[in-house]
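Visitor:
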Amino acid sequence: MDGDLAHPSMDILYEVNDYLKGKTIVLGVTASVALYRSLDLARWMLRRGARVITIMTPEAAKLVSPEMFHWAAGSPVYTGFTGGVEHISTAREASAMVVAPATLSTLAKIAYGVADNPVALAAVSIMGYGKPVVAVPAMHGNMYDSPQAREVVAKLRSQGVLVVEPKLEKGVAKYPETHAVGRVAAALARRGSRDLEGVRALVTLGATREWLDRVRFISNPSSGVMGLEAALELYARGAEVDVVAGHASVEIPHLFKVVRVNTTEDMAAAVEELTSMKEYDAVVAAAAPVDFRPAGKFEGKIRSGQRLVLELEPTPKVLDSIARKPGVLVAFAAEYVESVDSLHGPAMEKLEKYNADLVVANRVGVEGVGFASPKLEVLMLDRSGRTLLKGSFHKEIVAAAIADTIAKLLSR
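For the sequence shown, UniProt numbering begins at 1 and goes up steadily by one.
1) Taking all protein chains shown into account, decide if Ala361 is buried (16 or more other Cβ within 10 angstroms of its Cβ) or exposed.
2) Counting only C-beta atoms, is Ala102 closer than 8 Å to chain D at any point?
3) When the Cβ atoms of the region 7-15 are set against those of the region 28-41, are three or more pairs found closer than 8 Å?
4) When you compare the region 300-310 with the region 328-336, are there three or more beta-carbon pairs, one atom per stretch, that lie closer than 8 Å?
5) Assuming Ile25 and Ala50 form a contact by the criterion Cβ under 8 Å, report the distance between their Cβ atoms to the nearest whole angstrom.
6) How many angstroms separate the CA atom of Pro221 from the CA atom of Pro289?
7) Once DSSP output is grouped into helix, strand and coil, what is the label at Val330?
8) What does the Cβ neighbour count give for Asp2, buried or exposed, with the cut at 16 atoms within 10 Å?
9) Using three-state DSSP, classify Pro76 as helix, strand or coil.
10) From what residue to what residue does the alpha helix (DSSP H) around Thr405 run?
11) For Val378 and Gly227, what's the separation of their Cα atoms in angstroms?
12) Quick one: grab the DSSP three-state call for Arg51.
13) How big is the Cα-Cα spacing for Glu396 and Tyr19?
14) Quick one, which of Val328, Arg191 and Met139 has its alpha-carbon nearest Glu169's?
15) Closer than 8 Å is the cut-off here; do at least three beta carbon pairs connect the region 230-239 with the region 270-290?
16) Quick check: what's the CA-CA separation for Ser38 versus Asn355?
17) Could you pull out every residue in the same chain whose Cβ sits closer than 7 Å to the Cβ of Arg412, ignoring the five residues on either side in sequence?
18) Where do the N-terminal and C-terminal ends of the alpha helix (DSSP H) with Ala94 fall, by residue?
19) Which of the three DSSP states, helix, strand or coil, is assigned to Asn142?
20) Whose C-alpha, out of Pro147, Pro294 and Leu232, is nearest the C-alpha of Ala401?
21) To the nearest angstrom, how far is the alpha carbon of Gln159 from that of Gly296?
22) DSSP three-state call for His247: helix, strand or coil?
23) When you compare only the Cα positions, how much space is there between Leu104 and Glu151?
24) To the nearest angstrom, how far is the alpha carbon of residue 419 from that of Leu202?
25) For Lys375, does the three-state DSSP call read helix, strand or coil?
26) Express the C-alpha separation of Ile88 and Ser125 in angstroms, rounding to a whole number.
27) Rounded to whole angstroms, how far is the Cβ of Asp357 from the Cβ of Val328, which I believe are closer than 8 Å?
28) Could you spell out where the beta strand (DSSP E) holding Glu169 opens and where it closes?
29) Sorted by chain position, which residues of the same chain lie with C-beta nearer than 7 Å to Gly141's C-beta, five sequence neighbours on each side aside?
30) Are the CB atoms of Ala248 and Gly206 within a distance shorter than 8 Å?
31) Please list the segments of the beta strand (DSSP E) lying wholly inside the region 301-357, counting only runs of 3 or more residues, in order along the chain.
32) Confirm, please, whether the CB-CB distance from Met97 to Gly28 is below 8 Å.
33) Name the DSSP beta bridge partners of Thr208, please?
34) Are the CB atoms of Val243 and Ile252 nearer to each other than 8 Å?
35) Shortest alpha-carbon distance to Arg92 belongs to which of Ala73, Val250, Gly80 and Pro132?
36) What do you get for Ala48, buried or exposed, if any count of 16 or more other CB atoms within 10 angstroms of its CB means buried?
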């Protein structure tokens, strides 16, 4: 707000969902050439209902005008603090802070309490109030690999700062995908702490393919978004996340160990191998593996213009391939039904069949929800059949509800 006039950026408030309703996120911007990416990050958070307060170092303000961040977030930008001790009032209001991009200089200042630039001063103040801080390093790769940077990152992590590993490409430690950074910051702002620290989680996502011949396959429209949102939520809240990914239309960030698979049998084998080697605290089976495959594969390419009769056989069930039951098993059930209420029967059946702790049943084949949509029409039940979530929700909200339940069950 400027005076009595609503800033035009408020037009996008809640445009995506209300995941960050009532939350204030402090965005600290330092003088990395990647700082223009944080304009998109500010808008990302606004679209989910956050109030965004931007603080820039004087050096950052020389690279991109603070007016650009005023435009992006709708709030005046701090490039220094006055006798009004704004760093204290900001720290009191903050739900979380994300320093993105973070130069090595500012990271070191935060780690060692050298609060002589406004971003470091705000970060130290916010940490003093026991609130979460996320740091997103962006610099030359050799600088990030230096012993000084390694020491600083380790110290920050020991102080509770979530340092998001940069994406290493062509010798540069790059600012990760905006959505990944936003999800990490948002999850911490919402929870206030990393309540899944030390948890080992496995997430399956995406669709599998069953091949008819060398060029054609049977599959489904799963985009992998639901599984990715679950993985990001778990990671942000402290979990070590492994991912088994079928075919997905979304980019999977570098934040996870990823095993890529093609067929349902491949996915089942990967899950069996991982759960044999590692004891997971949680498994979230969000993938959409194909249930049937051709009984015989045609060599080459089937010629067009002729009648074709296919014999199909069942594929292995991925949930059956889990070698060791995790502390919490989250199953998904995609159903073509008339209403959310009609999901109850299939959900209970899935719970009982796989002895799951949580089932997320959702409608598919309905416009605007399900596969390749940002929303699910969902019924989420715990192992006793109690309804935890019911209705149409953005997948980010569903992911948060899943992680909330995992945290609750593991804390018992």
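Here a beta-carbon is modelled for each residue, glycine too, at the ideal position from N, C-alpha and C.
Guide: Reading it off the structure:
1) On the sequence shown, position 361 is the one that residue 361 refers to. Result: buried.
2) Included in the structure is just one protein chain, with no chain D present.
3) no
4) no
5) For the purposes of this step, residue 25 is taken as the residue at position 25 of the sequence shown. For the purposes of this step, residue 50 is taken as the residue at position 50 of the sequence shown. Going by Cβ atoms, the distance from Ile25 to Ala50 rounds to 5 Å, so yes, they are a contact pair.
6) In the sequence shown, counting from the first residue as 1, residue 221 sits at position 221. In the sequence shown, counting from the first residue as 1, residue 289 sits at position 289. Approximately 11 Å, taken between the alpha carbons.
7) Taking the sequence shown and counting its residues from 1, the one referred to as residue 330 is at position 330. Reduced to three states, the DSSP call for Val330 is strand.
8) As a position in the sequence shown, residue 2 is number 2, starting the count at 1. Bear in mind that a pLDDT of 48 at Asp2, under 50, signals an unreliable position, so the model cannot answer this.
9) Taking the first residue of the sequence shown as 1, we reach residue 76 at position 76. Coil, per DSSP.
10) Looking up residue 405 in the sequence shown gives position 405. Element bounds for Thr405: Lys395 to Leu410.
11) If you number the sequence shown from 1, residue 378 lands on position 378. If you number the sequence shown from 1, residue 227 lands on position 227. So the two alpha carbons sit approximately 15 Å from each other.
12) Sequence index remark: in the sequence shown, residue 51 carries index 51 (1-based). DSSP places Arg51 in strand when its eight states are reduced to three.
13) The residue you call residue 396 lines up with position 396 of the sequence shown. The residue you call residue 19 lines up with position 19 of the sequence shown. Rounded to whole angstroms, Glu396 to Tyr19 spans 8 Å at the Cα level.
14) Looking up residue 169 in the sequence shown gives position 169. Nearest C-alpha to Glu169: Met139.
15) yes
16) Translated into positions along the sequence shown, residue 38 becomes position 38. Translated into positions along the sequence shown, residue 355 becomes position 355. Taking the straight line from one Cα to the other gives about 44 Å.
17) Your numbering for residue 412 matches position 412 in the sequence shown. None.
18) For the purposes of this step, residue 94 is taken as the residue at position 94 of the sequence shown. First-last for Ala94: undefined, no H or E at that position.
19) As a first step, residue 142 must be located in the sequence shown, where it is residue number 142. DSSP places Asn142 in helix when its eight states are reduced to three.
20) What you label residue 401 is simply residue 401 of the sequence shown in a count that begins at 1. For Ala401, the nearest C-alpha among the options comes from Leu232.
21) Numbered from its first residue, the sequence shown carries residue 159 at position 159. Numbered from its first residue, the sequence shown carries residue 296 at position 296. Roughly 57 Å between the two C-alpha positions.
22) Translated into positions along the sequence shown, residue 247 becomes position 247. If DSSP states are grouped into helix, strand and coil, His247 belongs with the strands.
23) In the sequence shown, counting from the first residue as 1, residue 104 sits at position 104. In the sequence shown, counting from the first residue as 1, residue 151 sits at position 151. One C-alpha to the other measures close to 11 Å.
24) Not covered by the structure: residue 419. The range shown for the chain is 1 to 412.
25) Numbered from its first residue, the sequence shown carries residue 375 at position 375. Three-state result, Lys375: strand.
26) Stepping through the sequence shown from its first residue, residue 125 is reached at position 125. Stepping through the sequence shown from its first residue, residue 88 is reached at position 88. Distance between the alpha carbons of Ser125 and Ile88 is about 7 Å.
27) Reading the sequence shown from its first residue, position 357 is the one you call residue 357. Reading the sequence shown from its first residue, position 328 is the one you call residue 328. Confirmed, Cβ separation roughly 5 Å.
28) Along the sequence shown, one-based indexing puts residue 169 at 169. Element bounds for Glu169: Lys167 to Glu169.
29) Working through the sequence shown from its first residue, we reach residue 141 at position 141. Result list for Gly141: Leu168, Gly171, Val172 and Ala173, in chain order.
30) By 1-based counting over the sequence shown, the position of residue 206 is 206. By 1-based counting over the sequence shown, the position of residue 248 is 248. A contact, by the Cβ cut-off of 8 Å.
31) 312-314 and 328-335
32) Position 28 of the sequence shown, counting from 1, holds the residue named residue 28. Position 97 of the sequence shown, counting from 1, holds the residue named residue 97. It is a contact, given that the beta carbons lie within the stated cut-off.
33) For this step, residue 208 is matched to residue 208 along the sequence shown. Note: Thr208 sits in no beta bridge, so no partner.
34) Along the sequence shown, read from residue 1 onward, the residue named residue 243 stands at position 243. Along the sequence shown, read from residue 1 onward, the residue named residue 252 stands at position 252. A contact, by the Cβ cut-off of 8 Å.
35) Along the sequence shown, one-based indexing puts residue 92 at 92. With distances taken between Cα atoms, Arg92 lies closest to Pro132.
36) Walking along the sequence shown from the start, residue 48 turns up at place 48. Residue 48 is actually Arg in this sequence, not Ala. Classification for Arg48: buried.
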